[in-house]
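Asker:
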Amino acid sequence: MEGLPADLCLKIFCLLDHQNLASAQLVCRKWRVLASDNALWSNIFKERWGVDNATFYAPVHPKSWKDVYVVQDRCDRVGLGLKIIREGDDYYLVYQGEIQRHLGSRRLETRAFETLTLEKGYSGTTSEEETCSSILDRILFFIGDLEAASSHAKRSRLQ
Numbered sequence: 001m002e003g004l005p006a007d008l009c010l011k012i013f014c015l016l017d018h019q020n021l022a023s024a025q026l027v028c029r030k031w032r033v034l035a036s037d038n039a040l041w042s043n044i045f046k047e048r049w050g051v052d053n054a055t056f057y058a059p060v061h062p063k064s065w066k067d068v069y070v071v072q073d074r075c076d077r078v079g080l081g082l083k084i085i086r087e088g089d090d091y092y093l094v095y096q097g098e099i100q101r102h103l104g105s106r107r108l109e110t111r112a113f114e115t116l117t118l119e120k121g122y123s124g125t126t127s128e129e130e131t132c133s134s135i136l137d138r139i140l141f142f143i144g145d146l147e148a149a150s151s152h153a154k155r156s157r158l159q
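What follows is the structure, given as structure tokens:
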């Protein structure tokens with residue numbers, strides 16, 4: 001596809017759904033630029049939520065249709081209220097579909113624990129500050145996991 005003209009690539013990308021279009025962006029720089037085309041994401045938004053919602057949620061500079069799509073999709077998945085959500089190993093504070101803050105990552109917690117045990121020579125001693133930070137992270141991760149599990153259970157009940 002490297003030799004294909006950009007307009008032909010865009011016509012092919014028009015046939016993709018949002019997940020495959022997002023995956024196409026990971027292939028190479030050229031595809032990332034082409035698959036981020038505002039008109040493509042506008043059409044995908046209109047197909048999913050309709051023209052009226054597209055008019056209402058139209059992006060304001062510097063946001064793109066892709067940004068608007070991502071936020072609206074997250075609203076559909078987690079709701080409008082203040083939530084702690086988990087995406088992969090990462091935890092976020094979300095309000096009205098917008099990520100407000102990255103709360104932490106399980107990967108970082110595991111690495112930090114491994115580093116601490118190596119630095120301490122497996123003595124098992126940690127400072128009070130390190131212990132408090134670790135406990136707070138675990139509480140946040142627990143709340144995020146609990147919210148994810150409860151939203152999944154609610155969806156299952158409704159179906």
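Take the sequence shown: its position 79, counting from 1, is numbered 79 in UniProt numbering, and each next residue is one higher. Virtual Cβ for every residue (Gly too), placed ideally from N, Cα, C.
1. Distance, Cα to Cα, Pro59 vs Arg106?
2. What's the gap between the Cα of Lys46 and the Cα of His61?
3. Output needed for Lys66: all residues of its chain with C-beta closer than 8 Å, excluding positions within five of it in sequence on either side, in chain order.
4. Does the Cβ-Cβ distance between Tyr69 and His18 come in under 8 Å?
5. Helix or strand or just coil, what does DSSP make of Tyr69?
6. How far does the beta strand (DSSP E) with Ser105 in it reach, from first residue to last?
7. Among the residues of its own chain, which have a CB less than 6 Å from the CB of residue 160, if the five just before and after it don't count?
8. Could you tell me which whole alpha helix (DSSP H) segments of length 4 or greater appear in the UniProt domain "F-box" (1-44)?
9. From the DSSP output, in three-state form, read off Lys83 for me.
10. If I measure Cβ to Cβ from Arg32 and keep anything under 7 Å in the same chain, skipping five residues before and after, which residues do I get?
Answerer: Working from what's here:
1. Position 59 of the sequence shown holds residue 59. Position 106 of the sequence shown holds residue 106. Rounded to the nearest angstrom, the two C-alpha atoms are 33 Å apart.
2. What you label residue 46 is simply residue 46 of the sequence shown in a count that begins at 1. What you label residue 61 is simply residue 61 of the sequence shown in a count that begins at 1. Distance between the alpha carbons of Lys46 and His61: 19 Å.
3. Along the sequence shown, one-based indexing puts residue 66 at 66. Ser36, Asn38, Trp41.
4. Within the sequence shown, the letter at position 69 stands for residue 69. Within the sequence shown, the letter at position 18 stands for residue 18. Yes, these two residues count as a Cβ contact at 8 Å.
5. Here residue 69 refers to the residue found at position 69 of the sequence shown. Tyr69: helix per DSSP, three-state reduction.
6. Along the sequence shown, one-based indexing puts residue 105 at 105. Ser105 -> beta strand (DSSP E) spans 98-105.
7. No information on residue 160 is available, as it lies outside the stretch 1 to 159 that the chain covers here.
8. 6-13, 18-24, 29-35
9. As a first step, residue 83 must be located in the sequence shown, where it is residue number 83. Lys83 falls in the strand class under three-state DSSP.
10. The sequence position of residue 32 within the sequence shown is 32, counting from 1. The answer, listed in chain order, is Gln25.
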